[in-house]
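Number of protein chains: 2
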Amino acid sequence: MDIFETISTRFSYRGAFTDQLVPREDLIKIVQAGIDAPSGCNAQSTEFIIVDKPELIASIAQLLTDRPVCKTAKGLIICVCDKTPAYGKLSFFIEDCAAATQNMLLAINALGYASVWLDGVIRGNVGEEIGKLLKIPTEKEVRIMLPVGVPLNKSKPNLKKSFNERARFA
Amino acid sequence: MDIFETISTRFSYRGAFTDQLVPREDLIKIVQAGIDAPSGCNAQSTEFIIVDKPELIASIAQLLTDRPVCKTAKGLIICVCDKTPAYGKLSFFIEDCAAATQNMLLAINALGYASVWLDGVIRGNVGEEIGKLLKIPTEKEVRIMLPVGVPLNKSKPNLKKSFNERARFA
Numbered sequence: 001m002d003i004f005e006t007i008s009t010r011f012s013y014r015g016a017f018t019d020q021l022v023p024r025e026d027l028i029k030i031v032q033a034g035i036d037a038p039s040g041c042n043a044q045s046t047e048f049i050i051v052d053k054p055e056l057i058a059s060i061a062q063l064l065t066d067r068p069v070c071k072t073a074k075g076l077i078i079c080v081c082d083k084t085p086a087y088g089k090l091s092f093f094i095e096d097c098a099a100a101t102q103n104m105l106l107a108i109n110a111l112g113y114a115s116v117w118l119d120g121v122i123r124g125n126v127g128e129e130i131g132k133l134l135k136i137p138t139e140k141e142v143r144i145m146l147p148v149g150v151p152l153n154k155s156k157p158n159l160k161k162s163f164n165e166r167a168r169f170a
Numbered sequence: 171m172d173i174f175e176t177i178s179t180r181f182s183y184r185g186a187f188t189d190q191l192v193p194r195e196d197l198i199k200i201v202q203a204g205i206d207a208p209s210g211c212n213a214q215s216t217e218f219i220i221v222d223k224p225e226l227i228a229s230i231a232q233l234l235t236d237r238p239v240c241k242t243a244k245g246l247i248i249c250v251c252d253k254t255p256a257y258g259k260l261s262f263f264i265e266d267c268a269a270a271t272q273n274m275l276l277a278i279n280a281l282g283y284a285s286v287w288l289d290g291v292i293r294g295n296v297g298e299e300i301g302k303l304l305k306i307p308t309e310k311e312v313r314i315m316l317p318v319g320v321p322l323n324k325s326k327p328n329l330k331k332s333f334n335e336r337a338r339f340a
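Order-wise, the sequence lines are chains C and R.
Take the first sequence: its letter number 142 is residue 142 in the numbering used here, and every next letter is one higher.
Converting from the second sequence to the numbering used here requires adding 170 to each position, the first position being numbered 1.
Following this line, the structure appears as structure tokens:
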């Protein structure tokens, strides 16, 4: 799929997924897109845990009160951050993780799946519980989760402000 | 260009650019890719200032001690963040700006240009001076800058750890 089409058609999906499985080959392709993202000082601070076992998906979905997008996901990609500063006192792990996530969302769209960037909802307790289930060392942070599957209903991107409301030539 | 090829061939470029100009049409296409990125609660917290006037590029490059990638850039895209929390006390402006930046880096690569994610080097004083030049309200933050041009020497992505060192199935 053309990059500009992939970017402009990506949408945040919060509904249920169909029963169609997501092969590991595709999950690997998606996560490789995340690995290929840049990171501050090339610190590669993001790790990716891929969950495709139904029981483990169900345990994690329960922590998010069984919201449909998690409960029916065929894969969950969980981004875990190493918060060690990359340069002096400067940390870029939030940026690193976000850039990797954006690459993965594009890969997900290009392969015909859908997802939503789950972030605020896993801050704090939920992220810590996911970390325990996945045996993540407590000094690392479970930061972003992407449920993956074939959407029951294709959707459209959120409405956005126009170019002239967001950008200008100086 | 195919999305996976665009993702895997993107590289951080710190060298000089050729004399070839970057038409506004292309700068608009690049920034539109940034606008199309998701943002927490769809707050669209990132604004984009596009600099393509040689004198203004020179003034900004001076603040970065004339590093070649800025001094010879044919365009600078400057991301400005609205730091207002998007949901309760939660802010996503760093993630929003990073996702937009990643989309723009991919667009830049797809169009045959190169760039580098300038972030840590414009934190603090330099960002504030850029903000003054561009008349950015002081409550907003100049966060990321992307120089754009045709690279004198095509380069390769930074070496990265393997899939198995960064990812695992749970």
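Here a beta-carbon is modelled for each residue, glycine too, at the ideal position from N, C-alpha and C.
Predicted model only: the values in this text are computed from it and were never measured.
Between residue i and chain R, is there a C-beta pair that is closer than 8 Å?
i: M210(C); result: Only positions 1 to 170 of chain C appear in the structure, and residue 210(C) is not among them; the question remains open.
i: P38(C); result: yes
i: G120(C); result: yes
i: S12(C); result: yes
i: N153(C); result: no
i: N164(C); result: no
i: E47(C); result: yes
i: A16(C); result: no
Helix, strand or coil for residue i? Go by DSSP, reduced to three states.
i: T216(R); result: strand
i: G294(R); result: coil
i: I77(C); result: strand
i: G88(C); result: coil
i: G282(R); result: coil
i: E139(C); result: coil
i: P208(R); result: coil
i: D172(R); result: strand
i: L133(C); result: helix
i: R180(R); result: coil
i: L118(C); result: strand
i: P68(C); result: helix
i: P147(C); result: strand
i: A277(R); result: helix
i: V221(R); result: strand
i: A231(R); result: helix
Thinking C-beta only, is residue j closer than 8 Å to residue i?
i: W287(R); j: L275(R); result: yes
i: Y113(C); j: V31(C); result: no
i: K140(C); j: I205(R); result: no
i: I306(R); j: T271(R); result: no
i: L152(C); j: T9(C); result: no
i: D266(R); j: G40(C); result: no
i: I108(C); j: V148(C); result: yes
i: F371(R); j: I264(R); result: This structure does not reach residue 371(R), given that chain R is present from 171 up to 340, and the question cannot be answered.
i: D52(C); j: G15(C); result: no
i: T176(R); j: A280(R); result: yes
i: I50(C); j: L64(C); result: no
i: K86(C); j: K71(C); result: The question names Lys, but residue 86(C) in the sequence shown is Ala. No, the pair does not count as a contact, with Cβ atoms beyond the cut-off.
i: F11(C); j: S155(C); result: yes
i: V142(C); j: G124(C); result: no
i: D82(C); j: S45(C); result: yes
i: A340(R); j: F4(C); result: no
i: A43(C); j: I57(C); result: no
Which bits of chain R does residue i rub up against, with CB to CB less than 9 Å?
i: A110(C); result: D172, I173, F174
i: L56(C); result: A340
Does the beta carbon of residue i come closer than 8 Å to any beta carbon on chain C?
i: Q214(R); result: yes
i: V221(R); result: yes
i: V201(R); result: yes
i: A284(R); result: no
i: I198(R); result: yes
So which residues on chain C does residue i lean against when the C-beta distance must stay under 8 Å?
i: L304(R); result: A170
i: N295(R); result: Chain C residues near N295(R): none, gap ~14 Å exceeds 8 Å.
Could you tell me which chain R residues have their CB closer than 7 Å to the CB of residue i, listed as they occur along the chain?
i: S8(C); result: D206
i: N103(C); result: I177, Q272
i: K161(C); result: Q214
Given that residue i touches chain C, what residues does it touch there, using C-beta distances under 7 Å?
i: A231(R); result: Result: empty, since nearest Cβ-Cβ is about 14 Å, beyond 7 Å.
i: L276(R); result: I3
**OP:** Anything in the region 79 to 99 of chain C with a Cβ closer than 9 Å to a Cβ of chain R? List those residues in chain order, please.
**Re:** A86, Y87, G88, L90, F92, I94, E95, D96, C97, A98, A99
Original post:
Going along the region 234 to 245 of chain R in order, which residues come within less than 7 Å of chain C, judged by CB to CB distance?
Top reply: none
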